[in-house]
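What follows is a short report on a single structure.
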Amino acid sequence: MITRETKVGELLNNPIARDVLAQLVQYAGVNEKIVLNPIVKSLKISALPKFAGKALPDADYVIDTMIDLFNQEANTKQPSKSNAHYWWKEAVVYQIYPRSFQDGNGDGIGDLKGIIRRLDYLKELGVDALWLSPIFDSPNDDNGYDVRDYRAIMTEFGTMADAEELIREMHARGMRLILDLVVNHTSDEHEWFVDSAKNPQGEHGDYYIWRKPKDGGHPNNWHSFFSGPAWEKVDTRDEEYLHLFSKKQPDLNWENPKVRDEVCDIIDFWREKGVDGFRLDVINYISKTSLEDGSATLGGLLQFNGIEHYFYGKRLHEFLHELRQRSFGDAFTVGETPGTGPEMNKLLTADEREELNTVFSFDHLENLGKNRFDDYRYNLNHLKKSFSRLEGEFADYAWPSIFVENHDNPRMVSKINSNEEYRDILAKLIAVVLLTARGTVFLYQGQELGAVNVNFHDMSELRDIESINKYNDLIACGKTPEQAWQTVLGGTRDHSRTPMQWTDETYAGFSEHEPWICVGDKDACNVAAQRNEETSVLHAYMTLIQLRKEHPTLVYGTFEPFESAKEDVFCYYRDDGKERFYIEINLCERAVKQPNTKGKMELVYSNYMAQGDGLQPYEANIYRVLR
Ligand code: NOJ
């Protein structure tokens, strides 16, 4: 048990504390060695308020909340290793943002018929499974992440018959379908919410989180991730409802067993239709430990008040286990879990605990102390550090999800270096890192072409609610329109949501009709052109996916870092006793000395046409070690 008498150094014996400290260090952008400083380590927790002084004005509150959090797993048995083989460990998964992938009916919005039309392309690319961002009926406040009816297809995307055809066509090609299940919240237009707002004592009265306003203000000081407070009034009830995202995305009350029954029924419904797996949207937020105010200090650091009360809630494991037992069964599950660390992930995904199969962690997506809206150049040494951790011994307990792009993030190539000269080289470097990694690989549409950020001109071109709210917020805080625009432009999720670029035609072969959002640089980057070009990024992806399939060593083999202390190079071996591969990557824009390896090797892939003495800028090579 951790108490106020525990020393800071001893905290590191507690897995949850290790994760939380690492997270805070990441957000604060300070060196993690601070926690290992002998003076800090020997302090009792109770001494921290004095030590931290003004930096932690609500220190006592933070300490009590953290002690509770750390003790949550005090008696939990650490899971054992598992080397079991599953299809989902071997799969290369491709994420589709259905609105932007392929329009099949000429209305400028992507749809299921469009996806069916492109299945042969995806098969040729070599992907094994598709994860579709939500396809359910929705008023689209957050493009489908606000579900109105979990058993109906969004009108713009097609019909249930289209969904059934998609499942059939995918299975006929040996591909699997993963749906995006958004059950932390629904749309405010969902019939449960409509009824809940009208009838507090009715069947759905307690399906959401309602509280009375406090002292004339909101029930607590939590922030919504989409700007403003996380609470909203309705005319029909004297309470406010919690919404961690937009006002139109009220949070479900998972404490209510009827809500969990409903979620199980939804999963059963889709499993019966043949769906093979689920991506679970912000699933680590479903259990709210308390509804007390969030710490102002933590809120300042994390940019949102309240997170400590729900990012790893008390009943999270219990709820996930229940879903697995009752409904998921052997369907694949990947949880989106912002803010959890590797120790929590072990507990969430260890085979024997029967909760989730794997999770998406996000720490690798931004450098220390940075967030998506900061204007900076991403340093790839951070990716090396994060992946080395995930793919090393942690993977024995918690199989990682390996990705660098999705519908919530700008394009990775642009983050690293926007110099056009390195675009293809970098895109292929990323392909090498992902497809030689120990974990399930997730690619995002367009990544296989080396897509980059879009040259948006002004706010009128953006569609995302997060960007629009953020812009308004910045203006309200006194920023000039130009300053607000520059901030939003850097981090907007719309960079990855423009139409898939199939050809150089007016609407990029995505549609005949003007699309719902503008088209990116289709002339420089499209499937048709890259298909005919052997040295294209698309061919690199095809080659590397094939290589991974032919060599299970790249999936299951051990990950052995080489010369890991050397900055700017990322070198490692993958070995399963049968085969051994050596991967060497130059992480920077200048040429570097090649680390010395011993033994004979044969080059199997390079992102450069010819090798030189050292490693050229961003050079990435894969060798087979000859025994
Ligand atoms: C995470 C999803 O990836 C994001 O797109 C969405 O806006 C939020 N969850 C809310 O559902």
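In the numbering used here, each residue's number is its place in the sequence shown (first place is 1) plus 240.
Each residue gets a CB set at the ideal place from its N, CA and C atoms; glycine is no exception.
Here the alpha carbons of leucine 365 and asparagine 709 stand approximately 37 Å from one another.
Glutamate 722 sits exposed, since fewer than 16 C-beta atoms from the chains shown fall within 10 Å of its C-beta. The C-beta separation of aspartate 808 from asparagine 836 comes to about 16 Å, leaving the pair out of contact by the 8 Å criterion. In the structure shown, arginine 391 adopts extended strand secondary structure according to DSSP, grouped into three states.
In the three-state reduction of the DSSP assignment, aspartate 501 falls in the helix class.
Contact annotation, lysine 655 with tyrosine 618: C-beta distance approximately 4 Å; criterion of less than 8 Å satisfied.
Beta-carbon to beta-carbon, isoleucine 285 and threonine 246 are separated by about 5 Å, close enough to satisfy the 8 Å threshold. Within the same chain, Cβ atoms closer than 7 Å to the Cβ of tyrosine 337 are found at Ser373, His647, Gln685, Arg737, the five residues on either side in sequence being excluded.
Residue pairing by DSSP places valine 332 opposite Val681 in a beta bridge. A distance below 7 Å between beta-carbons, with the five flanking residues on each side excluded, links cysteine 765 to the following residues of its chain, in chain order: Leu689, Gly690, Ala691, Gln741.
Inclusion of glycine 348 and tryptophan 725 in the CB contact set at 9 Å is not warranted, their separation being larger than that value. Counting other Cβ atoms within 10 Å of its Cβ, glutamine 543 stays below 16 and is therefore classed as exposed.
Partner residues in the beta bridge of serine 846, as assigned by DSSP, are Asn861.
Per the C-alpha coordinates, the member of Ser340, Leu866, Arg830 positioned closest to glycine 854 is Arg830. In the same chain as alanine 635, and ignoring 5 residues on each side of it, the C-beta atoms closer than 6 Å to its own belong to Arg678, in chain order.
Judged by the Cβ position, valine 422 qualifies as a neighbour of ligand 1 at the 8 Å threshold, a heavy atom of the ligand being closer than this.
For the set Cys811, Glu842, Asn847, the Cα lying nearest the Cα of lysine 833 is the one of Cys811. When secondary structure is reduced to three states using DSSP, aspartate 381 falls in the coil class, being assigned neither helix nor strand.
The chain-ordered list of residues whose CB is nearer than 5 Å to some heavy atom of ligand 1 reads Asp382, Tyr385, Phe485, Asp521, Val522, Asp648.
DSSP, read as helix, strand or coil, puts arginine 737 in coil. Rounded to whole angstroms, valine 759 and methionine 584 show a C-alpha spacing of 40 Å.
Inclusion of alanine 403 and alanine 369 in the CB contact set at 9 Å is not warranted, their separation being larger than that value.
In this structure, histidine 458 lies near glutamate 480, with their beta-carbon atoms less than 9 Å apart. Sorting Ser846, Asn380, Leu283 by C-alpha distance to the C-alpha of threonine 783 places Ser846 at the top. Counting along the chain, the unbroken beta strand (DSSP E) around proline 801 starts and ends at 798-802.
Excluding its 5 nearest sequence neighbours in each direction, tyrosine 796 has C-beta neighbours in its own chain below 6 Å: Asp816, listed in chain order. For the options Ile393, Ala401, His411, Gly384, the alpha carbon positioned closest to that of histidine 425 is the one of Gly384. Boundaries of the beta strand (DSSP E) around tryptophan 471: 471-473. A distance below 7 Å between beta-carbons, with the five flanking residues on each side excluded, links asparagine 657 to the following residues of its chain, in chain order: Arg617, Leu666, Glu829. The distance from the Cβ of arginine 258 to that of leucine 252 is about 6 Å, consistent with a contact at the 8 Å cut-off. A distance below 9 Å separates the beta carbons of glutamate 495 and arginine 555. DSSP places asparagine 826 inside the beta strand (DSSP E), whose first and last residues are 820-826. Judged by DSSP secondary structure, alanine 369 falls within the beta strand (DSSP E) whose first and last residues are 369-372.
Rounded to the nearest angstrom, the gap between the Cα atoms of lysine 513 and isoleucine 407 is 8 Å. Here the alpha carbon of valine 515 sits roughly 24 Å from the alpha carbon of alanine 638. Every alpha helix (DSSP H) stretch that sits fully inside the region 427-451 and reaches 4 residues is listed by chain position as 431-438.
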